[in-house]
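The structure appears below as structure tokens.
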Amino acid sequence: MATMTMAKALNAALADAMLDDERVVVFGEDVGQLGGVFRITDGLQARFGDKRCFDTPLAEAGIVGFAVGLAMSGLRPVVEMQFDAFAYPAFEQIASHVAKLRNRTRGALSVPMVIRVPYAGGIGGVEHHCDSSEAYYAHTPGLKVVTPATVADAYSLLREAIDDPDPVVFMEPKKLYFGSGEAELPARTEPFGRAVVRRSGRDATLIAYGPAVPVALEAAEAACEEGWDLEVVDIRTIVPFDDVTITESVRRTGRCVVVQEAQGFAGVGAEIAARVQERCFHALHAPVLRVSGLDIPYPAPMLEHTHLPSVDRVLDAVARLQWDDQPDPRWLTEGSAA
Amino acid sequence: MATMTMAKALNAALADAMLDDERVVVFGEDVGQLGGVFRITDGLQARFGDKRCFDTPLAEAGIVGFAVGLAMSGLRPVVEMQFDAFAYPAFEQIASHVAKLRNRTRGALSVPMVIRVPYAGGIGGVEHHCDSSEAYYAHTPGLKVVTPATVADAYSLLREAIDDPDPVVFMEPKKLYFGSGEAELPARTEPFGRAVVRRSGRDATLIAYGPAVPVALEAAEAACEEGWDLEVVDIRTIVPFDDVTITESVRRTGRCVVVQEAQGFAGVGAEIAARVQERCFHALHAPVLRVSGLDIPYPAPMLEHTHLPSVDRVLDAVARLQWDDQPDPRWLTEGSAA
Amino acid sequence: MTSTPQAVRRATPRKRRPATPAAPDPSAGLLPEAESVRLLNPDGSPLPARADYPEPPVEALREMYRRMVVGRRFDAQATALTKQGRLAVYPSSRGQEACQVGGVLALRDDDWVFPTYRESMALTARGIDPVEVLTLLRGDWHCGYDPTVVRTAPQCTPLATQCVHAAGLAYGESYQGRDTVAMVYIGDGATSEGDFHEGVNFAAVFKAPVVYFVQNNRYAISVPLSRQTAAPSLAYKGVGYGVPSEQVDGNDPVAVLAVLNRAVAHARAGKGPFLVEAHTYRMEPHTNADDQTRYRDADEVAAWRDRDPIARLESYLRARDVLDDAAVAEIAAQAEEYAAGLRERMNIQPTVDPLSLFDHVYAQPTPQLVEQREQVRAELAATQEGDA
Amino acid sequence: MTSTPQAVRRATPRKRRPATPAAPDPSAGLLPEAESVRLLNPDGSPLPARADYPEPPVEALREMYRRMVVGRRFDAQATALTKQGRLAVYPSSRGQEACQVGGVLALRDDDWVFPTYRESMALTARGIDPVEVLTLLRGDWHCGYDPTVVRTAPQCTPLATQCVHAAGLAYGESYQGRDTVAMVYIGDGATSEGDFHEGVNFAAVFKAPVVYFVQNNRYAISVPLSRQTAAPSLAYKGVGYGVPSEQVDGNDPVAVLAVLNRAVAHARAGKGPFLVEAHTYRMEPHTNADDQTRYRDADEVAAWRDRDPIARLESYLRARDVLDDAAVAEIAAQAEEYAAGLRERMNIQPTVDPLSLFDHVYAQPTPQLVEQREQVRAELAATQEGDA
Ligand SMILES: Cc1ncc(C[n+]2csc(CCOP(=O)(O)OP(=O)(O)O)c2C)c(N)n1
Ligand SMILES: Cc1ncc(C[n+]2csc(CCOP(=O)(O)OP(=O)(O)O)c2C)c(N)n1
Ligand SMILES: [Mg+2]
Ligand SMILES: [Mg+2]
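Shown next as structure tokens:
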């Protein structure tokens, strides 16, 4: 096992995919000589030439629409959106074309591609550079939505995304880019559609994805002191979603907190909470709680820590999981049956 | 009380707002001489002149961005997106500017405007003309998201939207445009942030909004035959959200089904289900269930009825609400505590 | 550094300095001609030939005529089908036949077409099964033909978005050593969209072999051209991308084909995209559901009747003795036959399988879709039981 | 219908028909000059005066010089502040001083500026408090100044989006009888975005008084101009919108101001928008975090040092005897003082109130925000208790 950053693992995944599959082309803004503002495409142009890895005009709808055409011609585009909010100009192309072309043509025309989106905050970025935009894509049928939280997953999921017959929005948590982890390349971890238990525990399940996974893990460690043995599940692929792993875990622990960095309202965490209570209702000792970013535009750097789901906030939620099997008084009413 | 269509009520709301407030300007594609493809702006140009109501170049980001500038200059733009999916090209302007300008400037610069979006299906429209896109907006802090289900609400909510100091995405259920209802203009119904109980009932609560409200009401009527007395709550304003009315209802009935037309995954219904179980856990006799569109791109006209949440599908969900207080066997496991 | 006393030099402000030596005009070869290229007069009589736009071979013109006649008959039939409830909606291209047919005649079979909703006639002229072309508008599915077989993208309703796809497709083809050309049909209104800008620009920067073919029919539904642009004409947009551009009388079939032939040749030769603006007019409402009396005079429509592209080409070909009454009648008969065949086939209600809704969202359905499919299957089974 | 025997007429295809009578050129007055407008040579010596671009009054040029010097010092100070950790990031506009300052000097106080992240110098030159200008980059909030007071939109990071806002603002102002002009600063790269297209087009169609001012500094971060456009130059985009356009030597302060003055006058006179492309160069990396060695040679940067706009204007003004050593020293001192004041104020850590996060999402917080605010308040209280 080697120690490397997630950035390096992503870079290796791109390089290996380009090596293995001639059809793979990488393009976007500043991905060529510069190697991307996060250096994820570092060295690819030098190694594979400027036909395989190239800069485009500065236009995101153009980049994604161009990828649609390239995919139609038989290539495998991997495009980079420079930051989360700068993918919004491409939203029409993503929602109305990338997501729908296969279905529109009864499967005759598919446009496999990977749209890489460095997302979320925690890096002191200015406005529009830290959005958590995964819910927009997850709510759009026809897209797969994937987000790694470990170095090995970054490599493996990106390789799988590039090989996938369907378009994949590949959300890269920026704050994890330069954190290190263990991986043996070419790493192959669990396939799309499988959540992974990152930490086993008996008392409650924390469900998280992307940038929230390390927070959940840290919270689980801290919770030991309070006598709680928490399980942590990493979703990994939001679409397709793994109901099995999650349901199994929550039915076992009987308690659940969903952690996401995005603003909460109508986010992916809402979907997870809704699914868990649908499927695990009779196993639950307490409502499924959510810890998320606040329902505000992403704040300026000096205030972002208030916005971000913190270990403390997760522990607070865990504390509200009615450990004495008494209902949380805040939710208690005359009508309560328990 | 007069009988009129929702289209007429919306048209009257625009006309009355233009009459009452000189700053109100209405623009978009085909809203002038044609009166809009749904005739919602019919007669406004003739009545108020082509400075108050005008056609623009065919460009949605342009329309919304232009409205941002007009609002900065002190006007009150009301823009029409011709169809739901044709608002996607404006997504960047909506998410990064309309939603954020007030916050970005600590309240110094606000851009009150109304973005009217005829949405959802059930009218035999071709692809891209029937999307339910409310979740994209509801998940974006800084926007209010409103959707009327009755004729009186159409008038009243649109007037309130135009007067509101914040930008409002006003989602008009296309299939309700030409249905008739009672209203006395100028109708004034409950304000933003208030859900309304459209039908009282004791046994379970159906929560719906926009095009799903008539479906829920019909289902409630049909449910009488099965011996269920269902309450129907119309959300009306998705943002701000009315937790009070909903929580009160579900705590009373102890059972809940959320009905929405949009594809289900990570939709507004997920948020509602998550909130309800958070707040009503101990009152619930069964999990909160959801009935929604399928997780597919909106289908071609001949297949849309399979996609749309139907009365039958709602009744099926109601039937699964564990009336004998026995768990739904599908969700039952060894781990179940009940 | 100079120390010339400025006050003196400035005393008599001079006029615009003479351009010495005359800088080469950077827009040379990029701007369109000031007036539309035209090879036939409205009455079909020929104008002087042009070396830059050589007249297409007469066989091609005769074939063009044939397809225009069949196309118009198809178009009328489609409109009729809306009245019979066989089509949900139909956007006619009557009046635009020279463009509809010219665009596909300029291409090889292995080239790609990127059409909008208005190009049903173009697609049938390209040889695609008309029933498959009308699938979208009949409502049994979104796209009826297999784009990879007929080398034609699905008819695009989100305006201008196909401009970018075509740039990518054409670049991807040349990237893989094929000399495919992509032809984008787009309306005047759609040129206002950002995707038009981004598409043409990408094509130009990557020298992608794309012909952007604007059918300027002067309206975007009800909105007149004056609300789309203040430019001298849409063809003047090309220079801003470094793309050679031309405007053509879109109701002059000979000129349309001549200009498109040159544009396609330019693209195929690896010189990058070409922008063609055809000035034309749709004679019918935007779709059968549109009320054109709200935004244009009957007089205006009538005036365009005199510029009918079919009559124009017919009179020219008759004068050149490649068409006579018999040939005209024979072609009309073909058109009737085509329409009759279509009518008959469209009378058969298509079968749609609700469960197919789940088949093509992804290559393999997600577990969530499998679950939903099972639910729908159970519902259908219950309904059938109920019915039985 | 003619019956001339065609075969004969076609035998000798003629050359392009002579344009008789010469059609008026529809692009007249819209295309830029083939070469950049320039009024000073790189060494500061004057070129012949031009009636179409009259030289600005000398007092204006002297003031321009002053603001450029102060601006450059401000810019250097801001870069220094990043090294001291007082600014998260800073995009320098060193080298672009003529444009930064020229843009705001061409305006009245009640005109509106629509800047990008690179315009910190322009905004300070406009008189906005530099600490408020740097709020975004310091990270205590998104926009530090009150846009309605200083008539300046928040510095825009989503590229080109402000092009549309400016069209709306300018139209709205004239709609309400005010003769406000809007000046949009935009980079070369951002002209590739759809919003540039839509913005300029809206402004043109509505004759909105906007000056679109492209600072073409040849790079979008690392991407060179050749990857943005194949056009002769960006100013050639104007004709496609019917917008008069000009290109100017962006390092010639006199020409920049002269051209912008004319553009602003054009807009203010109700003639609609004007597009100006200034050819310039940023001497520093994209931001302090950028590594420019990856994409451009030191030689290239060095070559532009010889075209320094400040030295150029200084030598011109000295030659015209409106600047001397004393004045230059006095201005340099002002610049130092400005920088010192800034440095001092930026050393004070700003106070930020976490609860203010909830104050401006809406005019009134939603119940959901009230609930979340209460939760954060409780957390903060608990932490303080814990700390105490
Ligand atoms: C992005 C988008 N916005 C709006 C529409 C609605 N719409 C359909 S056709 C049309 C007018 C198009 O005009 P034009 O481009 O001139 O083409 P024509 O219909 O004249 O052939 C409009 C506004 C759409 N289809 N797509
Ligand atoms: C919509 C959008 N896409 C991408 C970015 C990321 N980005 C920031 S600056 C920049 C380059 C801009 O170049 P240019 O327009 O030439 O302006 P300059 O920085 O040279 O002043 C890019 C790609 C952005 N801010 N907005
Ligand atoms: Mg048109
Ligand atoms: Mg630049």
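Residue numbers (full-length UniProt numbering), protein chains in the order written: chain A, 1 to 338; chain B, 1 to 338; chain C, 1 to 388; chain D, 1 to 388. We put the CB at the ideal spot given by N, CA and C, even for glycine.
Item	Value
Does Asp-140/C have its Cβ less than 9 Å from a Cβ in chain B?	yes
At the 9 Å Cβ level, is His-97/A part of the contact set with chain C, yes or no?	yes
Check the Cβ of Gln-372/D against every Cβ in chain A and list those closer than 7 Å, keeping chain order.	Leu-294, Asp-295
Could you spell out the range, first to last residue, of the beta strand (DSSP E) harbouring Arg-73/D?	Premise fails: Arg-73/D lies in the alpha helix (DSSP H), 58-83, not in any beta strand (DSSP E).
Between which two residues does the alpha helix (DSSP H) harbouring Met-113/A extend?	Note, Met-113/A: premise wrong, no alpha helix (DSSP H); not H, not E.
Within its chain, find whatever has a CB closer than 7 Å to the CB of Phe-272/A; leave out the 5 residues flanking it on each side and keep chain order.	For the sequence presented, residue 272/A should be read as Ile rather than Phe. Cβ within range, chain order: Ile-207, Val-258.
Between Leu-323/D and the rest of its own chain, which residues show a CB-CB distance below 8 Å, the 5 nearest in sequence each way excluded?	Arg-62, Tyr-65, Glu-314, Leu-317
Please say whether Ile-123/A and Ala-87/A have beta carbons closer to each other than 9 Å?	no
Can you pull out the residues from the stretch 260-283 of chain D whose beta carbon lies closer than 8 Å to at least one beta carbon of chain C?	Gly-272
Return the CA-CA distance between Asp-195/D and Pro-57/A, expressed in angstroms with no decimal places.	14 Å
Please confirm whether any heavy atom of ligand 4 lies closer than 8 Å to the CB of Asp-188/D.	yes
Quick one: residues in its chain with C-beta nearer than 8 Å to the C-beta of residue 396/D, no 5 flanking neighbours on either side, listed in chain order?	The requested residue 396/D is not part of the displayed model; chain D covers only 1 to 388.
Give the residues from the stretch 259-278 of chain A that approach chain D closer than 8 Å (Cβ to any Cβ), ordered along the chain.	Phe-265
Let me know the secondary structure DSSP gives Tyr-209/A once reduced to three states.	coil
For Arg-305/C, which residues from the same chain have a beta carbon less than 6 Å from its beta carbon, with the 5 sequence-adjacent residues on both sides left out?	none
Under the rule that 16 or more other beta-carbon atoms within 10 Å means buried, what is Lys-15/C, buried or exposed?	Note on Lys-15/C: pLDDT 42, under 50, position unreliable in the model; the coordinate value appears next. Looking at its Cβ environment, which holds fewer than 16 other Cβ atoms inside 10 Å, Lys-15/C is exposed.
On the criterion of 16 or more Cβ atoms from any shown chain inside 10 Å, does Val-79/B qualify as buried, or is it exposed?	buried
What's the gap between the Cα of Glu-371/D and the Cα of Cys-256/B?	23 Å
Less than 8 Å between the CB of Arg-294/D and some heavy atom of ligand 2, yes or no?	no
Taking the beta carbon of Gln-215/D as the centre, do at least 16 other beta carbons fall within 10 Å, making it buried, or is it exposed?	buried
Any C-beta of chain A within less than 8 Å: which residues of the stretch 219-230 of chain D qualify?	Ala-220, Ile-221, Ser-222, Val-223, Arg-227, Gln-228, Thr-229
Please return the same chain residues whose Cβ sits closer than 6 Å to the Cβ of Asp-220/C, not counting the five positions on each side in sequence.	The sequence given here places Ala at residue 220/C; Asp does not occur at that position. Closer than 6 Å at Cβ, skipping near neighbours: Gly-189.
Per DSSP, which residues does Asn-216/D bridge with? Please list them.	His-279/D
I need the straight-line Cα distance from Ser-336/B to Thr-247/A, nearest angstrom please.	Only weak support is given to the placement of Ser-336/B: the predicted model assigns it a pLDDT of 39, under 50, and the value that follows is read from those uncertain coordinates. Rounded to whole angstroms, Ser-336/B to Thr-247/A spans 11 Å at the Cα level.
If you measure beta-carbon to beta-carbon, which residues of the stretch 125-137 of chain A are closer than 7 Å to chain D?	Val-126, Glu-127, His-128
Can you list, in chain order, the residues of its chain with a C-beta nearer than 6 Å to that of Ile-235/A? Leave out the 5 residues immediately preceding and following it.	Ala-195, Tyr-209
Reducing DSSP to helix, strand and coil, say where Gly-270/C ends up.	helix
Looking at chain C, is there any beta carbon in it that lies within less than 9 Å of the beta carbon of Arg-313/B?	yes
Which partner residues of Cys-256/B appear in the DSSP bridge assignment?	Thr-205/B
Can you pull the DSSP bridge partners for Leu-355/D?	Paired residue(s): none; Leu-355/D is not in a bridge.
Can you check whether the C-beta of Met-1/D is within less than 9 Å of a C-beta belonging to chain A?	Note that Met-1/D scores a pLDDT of 37, beneath 50, so its modelled location is shaky; the value from the coordinates is reported in the next line. Output row for Met-1/D: interface = no.
Could you give the DSSP three-state label for Arg-194/B: helix, strand or coil?	coil
Would you say Thr-333/B lies against chain C (beta-carbon separation less than 9 Å)?	Low confidence applies here, because Thr-333/B scores a pLDDT of 48, under 50, leaving its location unreliable; read the following figure in that light. Cβ-Cβ to chain C under 9 Å: no for Thr-333/B.
Using the three-state DSSP reduction, which class does Cys-163/C fall into: helix, strand or coil?	helix
Does the beta carbon of Asp-179/C sit closer than 9 Å to a beta carbon anywhere in chain E?	Checking the listed chains, one finds no chain E in this structure; the protein chains it contains are A, B, C and D.
Whole-angstrom Cβ separation of Leu-101/B and Tyr-175/D, contact assumed at under 8 Å?	Not a contact, Cβ separation roughly 20 Å.
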